[in-house]
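Protein sequence lines, in the order shown, are assigned to chains A and B.
226 is the number that the working numbering gives to position 226 of the first sequence; each next residue is one higher, with no gaps.
217 is the number that the working numbering gives to position 217 of the second sequence; each next residue is one higher, with no gaps.
Ideal placement from N, C-alpha and C gives every residue a C-beta, glycine not left out.
Some notes on the structure that comes next.
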Amino acid sequence: MTRIGGFLTRVACCFILILVVFFGGGGDVFALTDEECLDCHGDKDFITEKDGETISLFIDMAMFGKTVHAENGCTSCHADAADGVDEHPVPLASVNCADCHDRVGEVYQNSDHGKAALDRDDELAPTCKDCHTKHNILPPTDKESSTYPLNIPFTCGRCHREGTEMTKTHDLNQHNVMKNYSMSIHGKGLFVDGLIVTAVCSTCHTAHNVLKASNPESSVNRNNIIETCNQCHVGIVDMFKNSVHSETVTRTGKRLPVCHDCHTSHTIADVKKKDFRLIIAEQCNNCHAHESETYLETYHGRASMLWGGEKTAKCSDCHGSHNIQPEEHQASMINDANIVETCSQCHAAANQSFTTYLPHATHSKKDKDRYPYLYYTFWAMTGLLVGTFAFFGLHTILWIPRGLIEKFKGSTGNKTE
Amino acid sequence: MDKNEPLYLERFSVFQRMTHLLVIVSFLTLAITGMALKFAMEDWAQWIAYFFGGFTVLGALHRFFAIVTFFYFFLTMIMLYTKWQESKKTLFGFIFDPEGLVPNLNDLNEFIATIKWFFGGPRPYYGHWTYWEKFDFMAVFWGIAVIGSSGLALWFPVGFSNLFPGYWLNIATIIHSDEALLAAGFIFTIHFYNTHLRPDKFPLDPVIFVGSITVDELKHERPREYDQLVASGELEKLVQRQAPAPWLKRMSLMFGLFVVSTGSILIVSIIVSMFSYIGKH
């Protein structure tokens, strides 16, 4: 008896379950179908007015069929439209993408964009649809997609272009980012060379986890920037990690440079071009002030300051860049073992004697003990200069009144006198 | 002869005038291109770089006019050699000719007389060359030797370092740059004043371009030379009624004023930059 009763109970349960699934959980089957939606929304002239603006309510199914959501029906996202029979309630609730895209939703929620939109109700803060569009969400590999690499700067630029409502009302650290980016080597890679592997906004700032650079969690914070650049510049980062500038090599309380300290961020330039070469000494000057100053006193440095002086030796030409090492290191470009070769890059047939030239020369009192011959030469020359001018200067000053008197006499008196 | 027409006497030969023209053009270009490098941090240096088309052009011009400088140095040596041959004197006698270009004891006396003149004494009894003119000439000699040799070292640094230690290039840089500052400073202030800007010549003494002066001027400015020429009877042979051609006078004035103004602007820029530098440090 118990066995039969148990069997019946199970059959009954299954039946109820099927009923529940059919009529309850699967309630859509009686709700609006895509065809029904398109009865209205398939009409190109279907419009409405909102705040005095005419808005098209037309959904291009040919387009939608190509999107990543093609398999989804209208009510997959617009769940609250499902209850309608002929019409749905107006307006529909905002679509919550995080219902499906929960992981991305969480990341976005904690990003500066997300916090602005959700916590601060910043009307200008972007939500999913602002970057991805509503019904035209194509895969990022599709050229038409708003998130295709070639289109990303324009997508971000809708708000981040200088002069938009957003840039005017928000306190941003960086300005002219779009213009600077398009002039940078990354921007030129994209716009001039058409490379989709070049860095676009989201490559460095991430797509959903956009945080201010001052935030330690940000991909562009100085704690993380090396790893961010490492996404593409693997060989450079490997080299850098072995250099004196890397915190894995140099243990110091002082701030060590990271990628953007030398290369900047949006204005990042081709290191072989003059835009970059002309600012190298300035960049190194941020930490190495005395070296930079004494370099600028030499021919190399002076020439660097003049228009067209990009060819003369810059810091990195002699010291290296990502592979930079202290002088005593065997691999250092200015180590005795390598310096002749380093100078030979420009000065063909350079020899050991030539390398005793002081590329950071100074005749200042501070360096008197290091370079006495420069100090005394400078002051001997200055003495000669001051002496000559003092003598002839006085001579001239005394001459002026006499000359004026003679001229005055000459113009009134006898000329041949 | 028309008594109203002034009498003229040649002071500088065509050869000398042409040499001085070379000196002007090369010295001015060397000073401009070199000072742009020395004062590269100043705006005016950047304007010079823009004007000439960049640092590379400045370097090329500087080296080209360095060659011109060595060339006129060579021309001057030839001229001196020719003069020596014509003078029929011994080499020593030619070099230390009392009326020659090498300063002597009489110049010291003239210098003292000049200082007295400044304070109201009589105008000194100047001859063919005054002591400040001799100094100008000797300074160019000295300058070319110092600036030229240090400049060659900097032009060919690797070659130079085969003969001398490489760090001597740093010394050569200081010498080249400061001696050039002295030369440019001297020419653009003292020489300009002594020759062109002094009240009786202002704004320009064109004699170095037109070549001749009037006998009246000679008598007033260089009485000893005048008296010597009268005594030897040579004055009669040398004077002529021919005034310098008007076009030559006009060209001289235009060119001379251009050069004097350019040099003056450069030296004022340098002085302002130097004082602002001293003020900052």
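Task: Residue-chain proximity (Gly-100 (chain B), chain A), Cβ-Cβ < 7 Å - done: By 1-based counting over the second sequence, the position of residue 100 (chain B) is 100. No, because no Cβ of chain A sits closer than 7 Å to the Cβ of Gly-100 (chain B).
Task: Any chain B beta carbon closer than 7 Å to Lys-353 (chain A) - done: Indexing the first sequence from 1 puts residue 353 (chain A) at position 353. Checking the sequence shown, residue 353 (chain A) turns out to be Ser, not Lys. Chain B contact via Cβ: present.
TODO: Evaluate Arg-333 (chain A) with the Cβ neighbour count: other Cβ atoms within 10 Å of its Cβ, from every protein chain shown; 16 or more gives buried, anything less gives exposed.
DONE: Indexing the first sequence from 1 puts residue 333 (chain A) at position 333. Correcting the residue type first, residue 333 (chain A) is Met in the shown sequence and not Arg. By the neighbour-count rule (16 or more Cβ atoms within 10 Å), Met-333 (chain A) is buried.
TODO: Would you kindly work out how many angstroms separate the C-alpha atoms of Gly-105 (chain A) and Ala-98 (chain A), rounded to a whole number?
DONE: Stepping through the first sequence from its first residue, residue 105 (chain A) is reached at position 105. Stepping through the first sequence from its first residue, residue 98 (chain A) is reached at position 98. When rounded, the distance between both Cα atoms is 5 Å.
- [ ] List the residues of chain A that Leu-37 (chain B) touches, going by C-beta distances under 8 Å, in chain order.
- [x] Numbered from its first residue, the second sequence carries residue 37 (chain B) at position 37. In chain order: Tyr-299, Arg-302, Ala-303, Leu-306.
Open item on the list: Taking the beta carbon of Gly-53 (chain B) as the centre, do at least 16 other beta carbons fall within 10 Å, making it buried, or is it exposed?
Closed with: Position 53 of the second sequence holds residue 53 (chain B). Counting Cβ neighbours within 10 Å, Gly-53 (chain B) comes out exposed, since fewer than 16 surround it.
Open item on the list: Counting only Cβ-Cβ distances shorter than 8 Å, please list the residues of the segment 165-180 of chain B near chain E, keeping chain order.
Closed with: Any reference to chain E falls outside this structure, whose protein chains are A and B.
Task: Contact set for Leu-8 (chain A): own chain, Cβ-Cβ below 6 Å, skip 5 residues either direction - done: The residue you call residue 8 (chain A) lines up with position 8 of the first sequence. Same-chain partners within the cutoff: there are none.
Open item on the list: Rounded to whole angstroms, what is the Cα-Cα separation between Pro-6 (chain B) and Thr-19 (chain B)?
Closed with: Looking up residue 6 (chain B) in the second sequence gives position 6. Looking up residue 19 (chain B) in the second sequence gives position 19. C-alpha separation (whole angstroms): 27 Å.
- [ ] Return no unless some Cβ of chain B is closer than 7 Å to the Cβ of Ala-361 (chain A).
- [x] For the purposes of this step, residue 361 (chain A) is identified with residue 361 of the first sequence, where counting begins at 1. Closer than 7 Å: yes.
Open item on the list: What would DSSP say about Thr-198 (chain A), mapped onto helix, strand or coil?
Closed with: For the purposes of this step, residue 198 (chain A) is identified with residue 198 of the first sequence, where counting begins at 1. In this structure, Thr-198 (chain A) counts as coil in the three-state DSSP scheme.
TODO: Pull up the distance between the alpha-carbon of Trp-247 (chain B) and that of Leu-204 (chain B), whole angstroms please.
DONE: For this step, residue 247 (chain B) is matched to residue 247 along the second sequence. For this step, residue 204 (chain B) is matched to residue 204 along the second sequence. The alpha-carbon atoms of Trp-247 (chain B) and Leu-204 (chain B) are separated by roughly 16 Å.
Open item on the list: With a threshold of 7 Å between beta carbons, is Met-381 (chain A) in contact with chain B?
Closed with: Your numbering for residue 381 (chain A) matches position 381 in the first sequence. Chain B contact via Cβ: present.
TODO: Would you mind giving the Cβ-Cβ distance between Leu-38 (chain A) and Met-61 (chain A), rounded to the nearest angstrom? I have them listed as a contact below 8 Å.
DONE: Counting from one through the first sequence, the residue named residue 38 (chain A) turns up at place 38. Counting from one through the first sequence, the residue named residue 61 (chain A) turns up at place 61. At roughly 7 Å, the Cβ-Cβ gap stays under 8 Å, so Leu-38 (chain A) and Met-61 (chain A) are in contact.
Open item on the list: Do Pro-165 (chain B) and Thr-356 (chain A) count as a contact pair if the criterion is CB distance below 7 Å?
Closed with: Working through the first sequence from its first residue, we reach residue 356 (chain A) at position 356. Working through the second sequence from its first residue, we reach residue 165 (chain B) at position 165. Yes, the Cβ-Cβ distance between Thr-356 (chain A) and Pro-165 (chain B) is below 7 Å.
TODO: Name, in chain order, the residues that DSSP records as bridge partners for Gln-352 (chain A).
DONE: If you number the first sequence from 1, residue 352 (chain A) lands on position 352. Gln-352 (chain A) pairs with nothing; no bridge assigned.
Task: Beta-carbon proximity list for Ser-273 (chain B), same chain, < 7 Å, skipping 5 on both sides - done: As a position in the second sequence, residue 273 (chain B) is number 273, starting the count at 1. Cβ within range, chain order: Phe-39, Glu-42.
Open item on the list: Tell me the rounded alpha-carbon separation between Phe-192 (chain B) and Ala-184 (chain B).
Closed with: Position 192 of the second sequence holds residue 192 (chain B). Position 184 of the second sequence holds residue 184 (chain B). Rounded to whole angstroms, Phe-192 (chain B) to Ala-184 (chain B) spans 11 Å at the Cα level.
- [ ] Below 6 Å CB to CB, which residues in the same chain sit around Lys-409 (chain A) once its five sequence neighbours on both sides are set aside?
- [x] Here the question's residue 409 (chain A) lines up with position 409 in the first sequence. Excluding positions up to five away in sequence, the list is empty.
Open item on the list: Contact criterion: CB-CB distance below 7 Å. Does Leu-404 (chain A) meet it with respect to chain B?
Closed with: As a first step, residue 404 (chain A) must be located in the first sequence, where it is residue number 404. Yes - at least one Cβ of chain B is within 7 Å of the one on Leu-404 (chain A).
TODO: Kindly indicate which three-state DSSP category Arg-10 (chain A) falls into: helix, strand or coil?
DONE: Taking the first sequence and counting its residues from 1, one reaches residue 10 (chain A) at position 10. Arg-10 (chain A): helix per DSSP, three-state reduction.
TODO: Tell me whether Ser-212 (chain B) sits in a helix, a strand or coil according to DSSP, three-state version.
DONE: As a working mapping, residue 212 (chain B) is identified with position 212 in the second sequence. DSSP places Ser-212 (chain B) in strand when its eight states are reduced to three.
Open item on the list: Applying the 10 Å Cβ sphere with the 16-neighbour rule, what's the burial state of Ser-252 (chain B)?
Closed with: What you label residue 252 (chain B) is simply residue 252 of the second sequence in a count that begins at 1. When all chains shown are included, Ser-252 (chain B) counts as buried.
- [ ] Would you please verify whether the beta carbon of Leu-124 (chain A) is less than 7 Å from any beta carbon of chain B?
- [x] Counted from its first residue, the first sequence places residue 124 (chain A) at position 124. Chain B, which has no Cβ nearer than 7 Å to the Cβ of Leu-124 (chain A), makes this no.
Open item on the list: Residues of the segment 337-350 of chain A in Cβ contact with chain B at a cutoff of 7 Å, in chain order, please.
Closed with: His-347, Ala-349, Ala-350
- [ ] Tell me whether Thr-377 (chain A) sits in a helix, a strand or coil according to DSSP, three-state version.
- [x] Within the first sequence, numbered from 1, the residue matching residue 377 (chain A) stands at position 377. Correct three-state label for Thr-377 (chain A): helix.
Open item on the list: Quick check on Leu-190 (chain A): does DSSP put it in helix, strand or coil?
Closed with: As a first step, residue 190 (chain A) must be located in the first sequence, where it is residue number 190. Helix.
Open item on the list: Would Tyr-108 (chain A) pass as an interface residue toward chain B - the criterion being a Cβ-Cβ separation below 7 Å?
Closed with: In the first sequence, residue 108 (chain A) corresponds to position 108, counting from 1. Not closer than 7 Å to any Cβ of chain B, the Cβ of Tyr-108 (chain A) fails to qualify, so no.
Task: At least 3 beta-carbon pairs within less than 8 Å: the segment 151-167 of chain A vs the segment 247-266 of chain A - done: no
TODO: Consider the Cβ of Ser-161 (chain B): report whether some Cβ of chain A lies at a distance smaller than 7 Å.
DONE: The sequence position of residue 161 (chain B) within the second sequence is 161, counting from 1. Cβ-Cβ to chain A under 7 Å: yes for Ser-161 (chain B).
Open item on the list: Looking at chain A, is there any beta carbon in it that lies within less than 7 Å of the beta carbon of Ala-243 (chain B)?
Closed with: By one-based count along the second sequence, residue 243 (chain B) stands at place 243. It does not: the Cβ of Ala-243 (chain B) has no partner Cβ on chain A nearer than 7 Å.
Task: Nonlocal neighbours in the same chain, by C-beta distance under 8 Å from Gly-25 (chain A), ignoring five residues either side - done: Here residue 25 (chain A) refers to the residue found at position 25 of the first sequence. Any reading at Gly-25 (chain A) must be qualified, since the residue scores a pLDDT of 47, below 50, and its modelled position is unreliable; the value itself is stated next. Within the same chain, Gly-25 (chain A) has no close Cβ partners at all.
TODO: Tell me whether Cys-100 (chain A) is buried or exposed, calling it buried when 16 or more other Cβ atoms sit within 10 Å of its Cβ.
DONE: Here residue 100 (chain A) corresponds to residue number 100 of the first sequence, with the count starting at 1. Exposed, because fewer than 16 other Cβ atoms sit within 10 Å of the Cβ of Cys-100 (chain A).
TODO: Within 10 angstroms of the Cβ of Asn-414 (chain A), are there 16 or more other Cβ atoms? Answer buried if so, exposed if not.
DONE: As a first step, residue 414 (chain A) must be located in the first sequence, where it is residue number 414. With a pLDDT of only 44 at Asn-414 (chain A), under 50, the local geometry of the prediction cannot be trusted, and the value read off the model is given with reservation. Asn-414 (chain A) comes out exposed.
Task: Whole-number beta carbon distance between Tyr-125 (chain B) and Pro-206 (chain B), since they are thought to touch under 8 Å - done: Taking the first residue of the second sequence as position 1, residue 206 (chain B) is located at position 206. Taking the first residue of the second sequence as position 1, residue 125 (chain B) is located at position 125. Actually they do not touch by this definition, with Cβ atoms about 25 Å apart.
TODO: Please list the partners that Thr-377 (chain A) has in chain B, where partner means a Cβ-to-Cβ separation under 7 Å.
DONE: Along the first sequence, one-based indexing puts residue 377 (chain A) at 377. Near Thr-377 (chain A) (Cβ distances below 7 Å), the residues of chain B are Ile-171, Ile-174, Ile-175.
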